[in-house]
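Novice: This structure is in structure tokens; I'll ask about it shortly.
2 protein chains.
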Amino acid sequence: MNILEDINHLLPVAGINIATAAANICYSDRTDLALIELAPNSTTSAVFTQNAFCAAPVLVAKQHLKKTAPRYLLINAGNANAGTGQGGIDAAMACCESIASVMGCDANQVLPFSTGVIGENLPVDKIKKVIPDLKIDLNPHHWMAAANAIMTTDTVPKGVSCQVSIGNQVVTITGIAKGVGMIRPDMATMLAYITTDAKVEQALLDTCLEKSVGQSFNRITVDGDTSTNDACVLVATGQSKVAISELNLIEFQQALDKVFETLAKALVRDGEGATKLITINVTEAQNAKESDRVAYTIAHSPLVKTAFFANDPNWGRILAAVGRAGVKDLDINKLKIFLGDVCIVENGGRSASYTEALGQKVMNESEITIDIQLNRGQASSQIWTCDFSYDYVKINAEYRS
Amino acid sequence: MNILEDINHLLPVAGINIATAAANICYSDRTDLALIELAPNSTTSAVFTQNAFCAAPVLVAKQHLKKTAPRYLLINAGNANAGTGQGGIDAAMACCESIASVMGCDANQVLPFSTGVIGENLPVDKIKKVIPDLKIDLNPHHWMAAANAIMTTDTVPKGVSCQVSIGNQVVTITGIAKGVGMIRPDMATMLAYITTDAKVEQALLDTCLEKSVGQSFNRITVDGDTSTNDACVLVATGQSKVAISELNLIEFQQALDKVFETLAKALVRDGEGATKLITINVTEAQNAKESDRVAYTIAHSPLVKTAFFANDPNWGRILAAVGRAGVKDLDINKLKIFLGDVCIVENGGRSASYTEALGQKVMNESEITIDIQLNRGQASSQIWTCDFSYDYVKINAEYRS
Numbered sequence: 210m211n212i213l214e215d216i217n218h219l220l221p222v223a224g225i226n227i228a229t230a231a232a233n234i235c236y237s238d239r240t241d242l243a244l245i246e247l248a249p250n251s252t253t254s255a256v257f258t259q260n261a262f263c264a265a266p267v268l269v270a271k272q273h274l275k276k277t278a279p280r281y282l283l284i285n286a287g288n289a290n291a292g293t294g295q296g297g298i299d300a301a302m303a304c305c306e307s308i309a310s311v312m313g314c315d316a317n318q319v320l321p322f323s324t325g326v327i328g329e330n331l332p333v334d335k336i337k338k339v340i341p342d343l344k345i346d347l348n349p350h351h352w353m354a355a356a357n358a359i360m361t362t363d364t365v366p367k368g369v370s371c372q373v374s375i376g377n378q379v380v381t382i383t384g385i386a387k388g389v390g391m392i393r394p395d396m397a398t399m400l401a402y403i404t405t406d407a408k409v410e411q412a413l414l415d416t417c418l419e420k421s422v423g424q425s426f427n428r429i430t431v432d433g434d435t436s437t438n439d440a441c442v443l444v445a446t447g448q449s450k451v452a453i454s455e456l457n458l459i460e461f462q463q464a465l466d467k468v469f470e471t472l473a474k475a476l477v478r479d480g481e482g483a484t485k486l487i488t489i490n491v492t493e494a495q496n497a498k499e500s501d502r503v504a505y506t507i508a509h510s511p512l513v514k515t516a517f518f519a520n521d522p523n524w525g526r527i528l529a530a531v532g533r534a535g536v537k538d539l540d541i542n543k544l545k546i547f548l549g550d551v552c553i554v555e556n557g558g559r560s561a562s563y564t565e566a567l568g569q570k571v572m573n574e575s576e577i578t579i580d581i582q583l584n585r586g587q588a589s590s591q592i593w594t595c596d597f598s599y600d601y602v603k604i605n606a607e608y609r610s
Numbered sequence: 210m211n212i213l214e215d216i217n218h219l220l221p222v223a224g225i226n227i228a229t230a231a232a233n234i235c236y237s238d239r240t241d242l243a244l245i246e247l248a249p250n251s252t253t254s255a256v257f258t259q260n261a262f263c264a265a266p267v268l269v270a271k272q273h274l275k276k277t278a279p280r281y282l283l284i285n286a287g288n289a290n291a292g293t294g295q296g297g298i299d300a301a302m303a304c305c306e307s308i309a310s311v312m313g314c315d316a317n318q319v320l321p322f323s324t325g326v327i328g329e330n331l332p333v334d335k336i337k338k339v340i341p342d343l344k345i346d347l348n349p350h351h352w353m354a355a356a357n358a359i360m361t362t363d364t365v366p367k368g369v370s371c372q373v374s375i376g377n378q379v380v381t382i383t384g385i386a387k388g389v390g391m392i393r394p395d396m397a398t399m400l401a402y403i404t405t406d407a408k409v410e411q412a413l414l415d416t417c418l419e420k421s422v423g424q425s426f427n428r429i430t431v432d433g434d435t436s437t438n439d440a441c442v443l444v445a446t447g448q449s450k451v452a453i454s455e456l457n458l459i460e461f462q463q464a465l466d467k468v469f470e471t472l473a474k475a476l477v478r479d480g481e482g483a484t485k486l487i488t489i490n491v492t493e494a495q496n497a498k499e500s501d502r503v504a505y506t507i508a509h510s511p512l513v514k515t516a517f518f519a520n521d522p523n524w525g526r527i528l529a530a531v532g533r534a535g536v537k538d539l540d541i542n543k544l545k546i547f548l549g550d551v552c553i554v555e556n557g558g559r560s561a562s563y564t565e566a567l568g569q570k571v572m573n574e575s576e577i578t579i580d581i582q583l584n585r586g587q588a589s590s591q592i593w594t595c596d597f598s599y600d601y602v603k604i605n606a607e608y609r610s
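Listed in order, the protein sequences are those of chains A and B. Using the working numbering, the letters of the first sequence map in sequence onto residues 210 to 610. Using the working numbering, the letters of the second sequence map in sequence onto residues 210 to 610.
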């Protein structure tokens, strides 16, 4: 398996063309619209936000997916088209119809996606105006341009390619993602588009997506806020010579998992104001609900997150977060907590071997792992999060100004 | 009922003496130790943190309360004596024994309380050294001094007095509290001491405390982090001529509720970095669990809290928080959301009557109410929280430096 994280050299995927344009939706001087064209006979799976206030494009995309296989994914940045009622649905539909008319397909074959400010009306006319430009721009090599066009408060575009040999044939997977705030995906993340030239039947593709998302985008959190617009799309064009079946599924799934995990971690690493990537491993829990609960309680603690920002080995805050996670009959004398390789808590308090210097050394790193060994079962959870800095407040206090 | 919020003029309570001292535990140039002396025959109720990693003084105080009625409450700031294992318990016991020896009581009659940094050993000798000074300083008028001595990152001391006529006799209630970070009390708050000269039997006092705490300290959150040291103590000295029974309970409980609510709101108003007091009312829920869940999801959303800090009527973030609160089968078309008196969301999106100017007018206030009408039942929740500012990050990034 060969993973390429260089955003400047993402690999084309046979059957996929990409275009971008500047529709001036909210930003000036940049692209804010991307179109992904899928070859006929591609299979497509998608998962969406569980937020009850899901955005208009999410509702429309779900409907269209039920009816037919998509040919186009249209993504705009700068406006979420969420909290916009029936008018928002009409606006999303109008964009699909405009793509259908210019590209020569059915409106049901277009999936719309939006990201940006909630509650503003989508400027449909601005989008329609540049759709002919999108048609001209379609090209297999425009992955980086698309990764840039879909950004909002992201500071860097995010993409990854992977090539894996399956039965002496090469399968290519390339994906892009955006989203650095309002990130605690629930069944999906902000926006992510992953494509492959493998041939994968619909039911199997659905299973592959569910598995990869469960171990990547559903395992990250920046601020605990689940977006109204989360969507993750996986496309298999089938234009390589490799058909995925139970026989070669493991190799394909491993490559897919790696692509998803790389993108998910890239979102956290670029989390709003983030200066550190924090991996939280909770092991030896009675069940997955319990290990999840401990992991997310630590990940969402503003006190833990500000301590990481300050490079402060204030391990008492981690201990306090574990203690309030609601684990029934937790025996604090049996559990252990590690910061990197350093044991910080055992026997109900600070480890006898712990020194401030050891803790400080770990805290100075930019990527840090916390291990919680609960010593009460076999279940475990791994999640990724980031620290909490002045810039998080700055970015979100000034977002609309 | 007469409520006095002027910290400079808190009312003495017959049967209560107070002293403070500077033990140099963590701070210089300030008092950091308080002693509250309770007259013989006082009844005392207390509730403590539900954090599994509860601090050594919490463990000792619980044990002592089981054995006998307390005569002294000893409180130190600057060191939480939490995460300190058996050594921490020994240190708390040593402080109790020192008080017992100087004051002439049993060590079981002393309840210890600590607040400050987690994981440092309590400097017992520094505390012991000033206990004779505490004895000399005991006085009914030292409430403000005690409110000052127990502060950590608090910027102002917090106290309230209340006088209420019950059967032509006056009952006095005076209480103090501290705590502005690691605040999401669970059965109790950081530290709060409320005393009255009414005579209240133990079982009834327990009920009164539980009811008042349930409507005050258990209804506030600054950052969602439940402390290891939360404690709330209610003392009835019985030295007025009023005995509380079922006959006059309502008047007493109302006065008590008002004192607790005033102190709880004072904690939130002084929440770390807080610039606003936000009241969240969730009504028409199917049950209290559901209304609580919606209220706390909004209260803990960093995006909602930073928008309030910025005076930004970014109502989409409130909508997104309601949507992700996990209310089963929530019909977004039926609920309404109000910011102050202004309807911001109805019919599944922005209210037709909403304008940015109306929203901005509310956001410019320093005390703001959010009302969520779920339109699916009779249950409701009211909680108080604050906004999220640069100073929250600053205070918590620099806490130990």
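Think of the CB as a built atom: it goes at the ideal place given N, C-alpha and C, for glycine as much as any other residue.
Measuring only the C-alpha atoms, how far is Cys304(A) from Gly532(B)?
Specialist: Taking the first residue of the first sequence as 1, we reach residue 304(A) at position 95. Taking the first residue of the second sequence as 1, we reach residue 532(B) at position 323. About 25 Å.
Novice: Do Ile489(B) and Ala473(B) come within 7 Å of each other at the CB atom, strictly closer than that value?
Specialist: Reading the second sequence from its first residue, position 264 is the one you call residue 473(B). Reading the second sequence from its first residue, position 280 is the one you call residue 489(B). Result no, Cβ atoms of Ala473(B) and Ile489(B) do not sit closer than 7 Å.
Novice: Output the distance between the C-alpha atoms of Ala401(B) and Ile385(B), rounded to the nearest integer angstrom.
Specialist: Here residue 401(B) corresponds to residue number 192 of the second sequence, with the count starting at 1. Here residue 385(B) corresponds to residue number 176 of the second sequence, with the count starting at 1. The alpha-carbon atoms of Ala401(B) and Ile385(B) are separated by roughly 6 Å.
Novice: In terms of residues, what are the limits of the beta strand (DSSP E) holding Phe257(B)?
Specialist: On the second sequence, position 48 is the one that residue 257(B) refers to. Looking at the DSSP string, the run of the beta strand (DSSP E) that includes Phe257(B) is Thr252 to Phe257.
Novice: Can you check whether the C-beta of Thr398(A) is within less than 7 Å of a C-beta belonging to chain B?
Specialist: Working through the first sequence from its first residue, we reach residue 398(A) at position 189. Any answer about Thr398(A) is weak, because its pLDDT of 49 lies below 50 and its placement is not dependable; what the coordinates show is given next. Thr398(A) does not count as touching chain B.
Novice: How big is the Cα-Cα spacing for Asn457(B) and Ile403(B)?
Specialist: Within the second sequence, the letter at position 248 stands for residue 457(B). Within the second sequence, the letter at position 194 stands for residue 403(B). If I take the Cα positions, the gap works out to 19 Å.
Novice: Which runs of the beta strand (DSSP E) fall wholly inside the region 486-513 of chain A and span at least 3 residues, in chain order?
Specialist: Complete beta strand (DSSP E) runs here, min 3: 486-494.
Novice: Taking the straight line between their C-alpha atoms, what separation do you get for Ala397(A) and Lys485(B)?
Specialist: As a working note, residue 397(A) is residue 188 in the first sequence. As a working note, residue 485(B) is residue 276 in the second sequence. Note that Ala397(A) scores 46 on pLDDT, short of 50, meaning its location in the model is unreliable; the coordinates nonetheless yield the value given after this. So the two alpha carbons sit approximately 34 Å from each other.
Novice: Ala228(B) and Val442(B) - do their beta-carbons sit closer together than 7 Å?
Specialist: Mapped onto the second sequence, residue 442(B) falls at position 233. Mapped onto the second sequence, residue 228(B) falls at position 19. Contact: no.
Novice: Quick one: complete alpha helix (DSSP H) runs, 4+ long, within the region 400-470 of chain A?
Specialist: Here the runs fully enclosed are 411-423.
Novice: Based on the DSSP secondary-structure assignment, which residues constitute the bridge partners of Asp346(A)?
Specialist: Reading the first sequence from its first residue, position 137 is the one you call residue 346(A). Paired residue(s): none; Asp346(A) is not in a bridge.
Novice: Which residues in chain B have a C-beta closer than 8 Å to the C-beta of Glu607(A)? List them in chain order.
Specialist: Within the first sequence, the letter at position 398 stands for residue 607(A). The answer, in chain order, is Ala519.
Novice: Can you have a look at Gln272(A) and say buried or exposed, based on whether 16 or more other CB atoms are within 10 angstroms of its CB?
Specialist: If you number the first sequence from 1, residue 272(A) lands on position 63. Label assigned to Gln272(A): exposed.
Novice: So, does the CB of Ser510(B) fall closer than 7 Å to a CB anywhere in chain A?
Specialist: Counting from one through the second sequence, the residue named residue 510(B) turns up at place 301. Yes, because at least one Cβ of chain A sits closer than 7 Å to the Cβ of Ser510(B).
Novice: Please list the segments of the beta strand (DSSP E) lying wholly inside the region 299-377 of chain A, counting only runs of 3 or more residues, in order along the chain.
Specialist: Runs of the beta strand (DSSP E) inside the region 299-377 of chain A: 319-326 and 367-375.
Novice: Roughly how many whole angstroms lie between the Cα atoms of Val422(A) and Asp501(A)?
Specialist: The count along the first sequence starts at 1 and reaches residue 422(A) at position 213. The count along the first sequence starts at 1 and reaches residue 501(A) at position 292. Between Val422(A) and Asp501(A), the C-alpha separation is close to 16 Å.
Novice: Taking only three categories from DSSP, how would you classify Arg526(A)?
Specialist: Here residue 526(A) corresponds to residue number 317 of the first sequence, with the count starting at 1. Note: Arg526(A) maps to helix in three-state DSSP.
Novice: How would you label Asp238(B), buried or exposed, when you count the other beta carbons within 10 angstroms and need 16 or more for buried?
Specialist: In the second sequence, the residue the question calls residue 238(B) occupies position 29. By the neighbour-count rule (16 or more Cβ atoms within 10 Å), Asp238(B) is not buried but exposed.
Novice: Would Thr364(B) pass as a contact of Asp434(B) if the rule is Cβ separation under 7 Å?
Specialist: For the purposes of this step, residue 364(B) is identified with residue 155 of the second sequence, where counting begins at 1. For the purposes of this step, residue 434(B) is identified with residue 225 of the second sequence, where counting begins at 1. Going by C-beta atoms, Thr364(B) is not nearer than 7 Å to Asp434(B).
Novice: Which two residues bound the contiguous alpha helix (DSSP H) that contains Glu565(A)?
Specialist: On the first sequence, residue 565(A) is found 356 positions in, with the first residue counted as 1. Segment Glu565 to Met572, the alpha helix (DSSP H) holding Glu565(A).
Novice: Give the residues from the region 281-303 of chain B that approach chain A closer than 9 Å (Cβ to any Cβ), ordered along the chain.
Specialist: The region 281-303 of chain B vs chain A, Cβ under 9 Å: Ala289, Ala291, Gly292, Thr293, Gly294, Gln295, Gly296 and Gly297.
Novice: Please identify the residue among Thr416(B), Asn233(B), Ala606(B) and Tyr563(B) whose C-alpha is closest to the C-alpha of Thr253(B).
Specialist: Taking the second sequence and counting its residues from 1, the one referred to as residue 253(B) is at position 44. If we check each option's Cα against that of Thr253(B), Thr416(B) comes out closest.
Novice: If you measure from the beta carbon of Asp661(B) to each beta carbon in chain A, is any gap under 7 Å?
Specialist: Look at the range of chain B in this structure, 210 to 610, and you will see that residue 661(B) is not part of it.
Novice: If you draw a straight line from the C-alpha of Leu544(A) to the C-alpha of Leu242(A), how long is it?
Specialist: For the purposes of this step, residue 544(A) is taken as the residue at position 335 of the first sequence. For the purposes of this step, residue 242(A) is taken as the residue at position 33 of the first sequence. Taking the straight line from one Cα to the other gives about 50 Å.
Novice: Beta-carbon within less than 8 Å of Lys367(A)'s beta-carbon, same chain only, minus the 5 sequence neighbours each way: which residues are those?
Specialist: For the purposes of this step, residue 367(A) is identified with residue 158 of the first sequence, where counting begins at 1. Taken in chain order, the residues that qualify are Ile216, Ala356, Ile385, Ala386, Lys387, Leu472, Ala475, Leu476 and Asp479.
Novice: DSSP three-state label for Val222(A), please.
Specialist: Stepping through the first sequence from its first residue, residue 222(A) is reached at position 13. The answer is coil: DSSP assigns Val222(A) none of H, G, I, E or B.
Novice: Do the CB positions of Gly525(B) and Gly292(A) come within less than 7 Å of each other?
Specialist: Against the second sequence, residue 525(B) aligns to sequence position 316. Against the first sequence, residue 292(A) aligns to sequence position 83. Yes.
Novice: Suppose you measure from the CA of Met353(A) to the CA of Ala231(A); what does that come to, to the nearest Å?
Specialist: What you label residue 353(A) is simply residue 144 of the first sequence in a count that begins at 1. What you label residue 231(A) is simply residue 22 of the first sequence in a count that begins at 1. Near 15 Å, if we compare the C-alpha coordinates of Ala231(A) and Met353(A).
Novice: Please state the DSSP three-state secondary structure of Met396(A).
Specialist: Within the first sequence, numbered from 1, the residue matching residue 396(A) stands at position 187. Below a pLDDT of 50, predicted positions are generally treated as unreliable, and Met396(A), at 42, falls in that range; the measurement from the model is reported next regardless. Note: Met396(A) maps to coil in three-state DSSP.
Novice: Counting only Cβ-Cβ distances shorter than 8 Å, please list the residues of the region 580-605 of chain B near chain A, keeping chain order.
Specialist: So the list reads Phe597, Ser598, Tyr599, Tyr601, Val602, Lys603 and Asn605, given in the order they occur along the chain.
Novice: Measuring alpha carbon to alpha carbon, tell me which residue in Asn520(A), Leu418(A), Val451(A) and Gln591(A) is nearest Ala606(B).
Specialist: Reading the second sequence from its first residue, position 397 is the one you call residue 606(B). That would be Asn520(A), whose Cα lies nearest to the Cα of Ala606(B).
Novice: So if I threshold CB-CB distances at 7 Å, which residues from the region 254-271 of chain B count as touching chain A?
Specialist: Answer set for the region 254-271 of chain B: Asn260, Ala261 and Phe262.
Novice: With three or more C-beta pairs closer than 8 Å as the rule, is the region 511-518 of chain A touching the region 545-555 of chain A?
Specialist: These segments do not touch.
Novice: From the DSSP output, in three-state form, read off Arg559(B) for me.
Specialist: As a position in the second sequence, residue 559(B) is number 350, starting the count at 1. Residue state, collapsed to three classes: strand.
Novice: Is the region 261-280 of chain A in contact with the region 334-347 of chain A, if contact means three or more CB pairs nearer than 8 Å?
Specialist: Not touching, per the Cβ criterion.
Novice: What in chain A is Cβ-close to Arg502(B), meaning under 8 Å?
Specialist: If you number the second sequence from 1, residue 502(B) lands on position 293. Here the premise fails: no neighbours, minimum Cβ distance about 12 Å.
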